[in-house]
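*Asks:* Here the protein sequences line up with chains A and B, keeping their order.
Here the first sequence stands for residues 16 to 233, where the numbers follow this note's numbering.
Here the second sequence stands for residues 635 to 850, where the numbers follow this note's numbering.
A virtual CB, placed ideally from N, CA and C, is assigned to each residue, including glycine.
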Amino acid sequence: MGLDFSVVPGWMDTILLGVVWTIAITVSAAALSFVGGILLAVIALYAPWIVRQPFRLFAWLFMGTPLLLQLFLIYFGLIQIGIDLPAFVAGVVGLGLHFAVYNSELIQTAIIAVDTGQMEAARTLGLSRTQALRKVVVPQAVRDVIPPIGNNMIALLKDSALVSVIGVTELTLSAQLAIGRTYRPFEFYLVAAVCYYVINLGMEAVLRRIERRIALSR
Amino acid sequence: MLDFDLMLRIYPFFLQAAWVTIQLSILTTILGLICGSLGAAARLSRHGYLRMIGATYVSLFRGTPALIQLFLLYFGGPQVGIQLDAFEAGVIGLGVNIGAYMTETMRGSIIAIDKGQAEAARTLGLSSYQAFRNVVLPQALRLMIRPLGVNINALIKGTALVAAISVVELTYTAQRYIGSTYKPFEMFLLSGLLYMVIIYVVGKGITYLDRKVRLT
Numbered sequence: 016m017g018l019d020f021s022v023v024p025g026w027m028d029t030i031l032l033g034v035v036w037t038i039a040i041t042v043s044a045a046a047l048s049f050v051g052g053i054l055l056a057v058i059a060l061y062a063p064w065i066v067r068q069p070f071r072l073f074a075w076l077f078m079g080t081p082l083l084l085q086l087f088l089i090y091f092g093l094i095q096i097g098i099d100l101p102a103f104v105a106g107v108v109g110l111g112l113h114f115a116v117y118n119s120e121l122i123q124t125a126i127i128a129v130d131t132g133q134m135e136a137a138r139t140l141g142l143s144r145t146q147a148l149r150k151v152v153v154p155q156a157v158r159d160v161i162p163p164i165g166n167n168m169i170a171l172l173k174d175s176a177l178v179s180v181i182g183v184t185e186l187t188l189s190a191q192l193a194i195g196r197t198y199r200p201f202e203f204y205l206v207a208a209v210c211y212y213v214i215n216l217g218m219e220a221v222l223r224r225i226e227r228r229i230a231l232s233r
Numbered sequence: 635m636l637d638f639d640l641m642l643r644i645y646p647f648f649l650q651a652a653w654v655t656i657q658l659s660i661l662t663t664i665l666g667l668i669c670g671s672l673g674a675a676a677r678l679s680r681h682g683y684l685r686m687i688g689a690t691y692v693s694l695f696r697g698t699p700a701l702i703q704l705f706l707l708y709f710g711g712p713q714v715g716i717q718l719d720a721f722e723a724g725v726i727g728l729g730v731n732i733g734a735y736m737t738e739t740m741r742g743s744i745i746a747i748d749k750g751q752a753e754a755a756r757t758l759g760l761s762s763y764q765a766f767r768n769v770v771l772p773q774a775l776r777l778m779i780r781p782l783g784v785n786i787n788a789l790i791k792g793t794a795l796v797a798a799i800s801v802v803e804l805t806y807t808a809q810r811y812i813g814s815t816y817k818p819f820e821m822f823l824l825s826g827l828l829y830m831v832i833i834y835v836v837g838k839g840i841t842y843l844d845r846k847v848r849l850t
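In structure tokens:
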């Protein structure tokens with residue numbers, strides 16, 4: 016059959032729109048996974064037993080099963096209980112929760128590693144436990160854990176391709192739309208791969224800058 | 635509430651699907667280890683062009699989504715003369731993909747071995763190959779079991795991707811039964827539990843291996 020890239024330029028609008036959506040999903044899910052990761056970590060370490068256990072079960076389920084399966088559960092499960100989320104929102108929630116669990120593991124370790132003296136000093140200065148956590152311990156823990164969280168976010172970018180299966184028109188599904196019309200899978204998946212690779216390089220550059228800034232602030 | 639009758643009725647289909655997932659995982663692990671060894675050898679080679687090939691392999695396969703690689707191979711392959719059925723494409727696509735991650739794991743473990751070890755072996759009259767084979771590698775192999783276990787854990791969950799090219803494994807089966815029964819939670823529980831059993835058993839195996847090589 017051979018390759019013919021001459022059909023690609025006509026579809027670049029669709030592909031670039033897909034790029035925009037992929038970035039939008041990645042950024043939204045990354046934000047959710049970051050905030051969710053901190054919350055989950057604090058709950059896992061400080062919440063009373065009765066609150067902690069359901070969250071541990073949740074984390075255990077999310078770490079032991081494939082993301083694709085979780086996306087199906089969230090998308091179809093919420094419809095079943097009467098919540099009809101748009102595919103985009105379901106995708107962001109699925110990706111965000113999945114990576115929140117992984118981030119939370121990192122943040123927990125970092126919180127434990129922040130010297131107990133920090134908490135004691137903050138308490139001596141009259142801060143409540145919550146204030147000490149929020150203003151002293153957690154910020155330091157989060158700073159320490161930015162580089163590995165960055166790696167998770169790069170994994171998140173690549174896993175964002177999975178939300179195409181629940182019908183979010185991001186880069187992968189955009190490529191599939193073009194393929195459906197042109198019957199040129201090799202060309203368009205290659206174009207999509209190049210786009211992902213470029214976004215990936217951009218993300219790595221941003222992360223390196225952030226890491227350097229953190230290293231300087233120490 | 636959960637429909638246990640339904641779960642009892644259809645769980646044999648999920649067991650069959652789990653067996654496919656296990657086969658996929660085993661074959662992918664073997665291919666991944668082969669690609670990882672070759673990749674690590676290339677990245678640590680004294681020849682610049684081999685190092686470049688190794689680095690390019692790792693960068694390209696870790697820099698793009700596994701799903702896209704799989705689609706490119708399965709749907710795009712016939713255009714360039716590669717005809718594979720879905721299962722074969724799944725094993726090859728996922729194996730070459732995880733091989734890029736394993737390359738880095740193996741390389742990391744090898745360069746973590748103190749340089750003095752190789753130097754001492756060379757001083758004692760071993761050739762550089764003998765020094766690598768008999769001194770550095772045995773120590774590096776011990777170091778890499780745990781991180782390779784992490785790669786394999788990710789790989790087992792990653793086999794779910796082949797559902798997107800219609801290989802009838804656990805996730806595909808769950809998806810199909812969600813579509814026909816409208817019981818997503820039940821299907822998630824059935825397939826999720828089976829994934830966790832597989833991952834638990836493999837995790838135990840890795841821990842056992844790791845402890846065993848540590849004692850000797």
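On the CB-based measure, 16 or more other CB atoms within 10 Å of its CB, does residue 146/A come out buried or exposed?
*Replies:* Residue 146/A is exposed by the Cβ-count criterion.
*Asks:* What three-state label does DSSP hand residue 133/A in the structure shown?
*Replies:* Residue 133/A: helix per DSSP, three-state reduction.
*Asks:* Is there a Cβ of chain A sitting closer than 8 Å to that of residue 809/B, yes or no?
*Replies:* Answer yes: the Cβ-Cβ gap between residue 809/B and chain A drops below 8 Å somewhere.
*Asks:* From 847/B, 808/B, 844/B and 838/B, pick the residue whose C-alpha is nearest to that of residue 80/A; which is it?
*Replies:* Cα-wise, what sits closest to residue 80/A is 808/B.
*Asks:* Run through chain B and tell me which residues come within less than 9 Å of residue 118/A, C-beta to C-beta.
*Replies:* Within chain B, no residue comes near residue 118/A; the closest Cβ sits about 16 Å away, beyond 9 Å.
*Asks:* Put residue 791/B into one of helix, strand or coil per three-state DSSP.
*Replies:* Helix at residue 791/B.
*Asks:* Once DSSP output is grouped into helix, strand and coil, what is the label at residue 62/A?
*Replies:* In the structure shown, residue 62/A sits in coil (DSSP, three-state: anything other than H, G, I, E or B).
*Asks:* 8 Å is my cut-off, CB to CB: does residue 635/B come that close to chain A?
*Replies:* Chain A, which has no Cβ nearer than 8 Å to the Cβ of residue 635/B, makes this no.
*Asks:* Counting C-beta neighbours from all protein chains within 10 Å, is the total for residue 28/A 16 or more, i.e. buried, or is it exposed?
*Replies:* Per the 10 Å Cβ criterion, exposed.
*Asks:* What are the boundary residues of the alpha helix (DSSP H) that residue 123/A is part of?
*Replies:* Counting along the chain, the alpha helix (DSSP H) containing residue 123/A begins and ends at 102 to 128.
*Asks:* CA-CA distance, residue 42/A and residue 106/A?
*Replies:* Rounded to whole angstroms, residue 42/A to residue 106/A spans 12 Å at the Cα level.
*Asks:* Are the beta-carbon atoms of residue 164/A and residue 73/A separated by less than 8 Å?
*Replies:* Their beta carbons are not under 8 Å apart, which means residue 164/A does not touch residue 73/A by this criterion.
*Asks:* Helix, strand or coil for residue 694/B per DSSP?
*Replies:* Helix, per DSSP.
*Asks:* Give the list of continuous alpha helix (DSSP H) stretches no shorter than 4 residues that lie fully inside the region 735 to 818 of chain B.
*Replies:* Listed in chain order, they are 749 to 757, 762 to 765, 771 to 792 and 804 to 815.
*Asks:* Between residue 851/B and residue 780/B, what straight-line distance do the alpha-carbon atoms span, to the nearest angstrom?
*Replies:* Past the edges of chain B, shown from 635 to 850, lies residue 851/B, and the structure says nothing about it.
*Asks:* Per DSSP, what kind of secondary structure is residue 836/B in: helix, strand or coil?
*Replies:* Here residue 836/B sits in helix by DSSP.
*Asks:* Assign residue 184/A to one of three DSSP states: helix, strand, or coil.
*Replies:* Coil at residue 184/A, not helix or strand.
*Asks:* What number of angstroms, rounded off, separates the C-alpha of residue 54/A from the C-alpha of residue 120/A?
*Replies:* So the alpha carbons of these two residues sit roughly 11 Å apart.
*Asks:* Mark residue 85/A as exposed unless 16 or more other C-beta atoms lie within 10 angstroms of its C-beta, in which case mark it buried.
*Replies:* Residue 85/A is buried by the Cβ-count criterion.
*Asks:* Starting from residue 26/A, trace the alpha helix (DSSP H) both ways and give me its first and last residue.
*Replies:* Taken as a continuous stretch (DSSP letters only), residue 26/A belongs to no alpha helix (DSSP H), as it is neither H nor E.
*Asks:* Using a Cβ cut-off of 7 Å, which residues of the region 91 to 121 of chain A contact any Cβ in chain B, in chain order?
*Replies:* Per Cβ criterion, the list reads 91, 92 and 95.
*Asks:* Buried or exposed for residue 199/A, going by 16 or more other Cβ atoms inside 10 Å?
*Replies:* Burial call: buried.
*Asks:* State the DSSP-derived secondary structure class of residue 830/B, mapped to helix, strand or coil.
*Replies:* Note: residue 830/B maps to helix in three-state DSSP.
*Asks:* Does the CB of residue 201/A have a neighbour CB from chain B at under 8 Å?
*Replies:* Closer than 8 Å to some Cβ of chain B, the Cβ of residue 201/A qualifies, so yes.
*Asks:* Would you kindly work out how many angstroms separate the C-alpha atoms of residue 646/B and residue 640/B, rounded to a whole number?
*Replies:* Approximately 11 Å, taken between the alpha carbons.
*Asks:* By the criterion of Cβ-Cβ separation under 7 Å, what are the contact partners of residue 702/B in chain A?
*Replies:* The contacting residues are 176, 187, 204, 207, 208 and 211.
*Asks:* Could you check if residue 46/A is buried or exposed, using at least 16 other CB atoms within 10 Å of its CB as the buried criterion?
*Replies:* Exposed: under 16 other Cβ atoms inside 10 Å.
*Asks:* What are the start and end residues of the alpha helix (DSSP H) that includes residue 663/B?
*Replies:* Here the alpha helix (DSSP H) through residue 663/B covers 638 to 677.
*Asks:* Which residue from 750/B, 635/B, 777/B and 800/B puts its Cα closest to that of residue 739/B?
*Replies:* Cα-wise, what sits closest to residue 739/B is 777/B.
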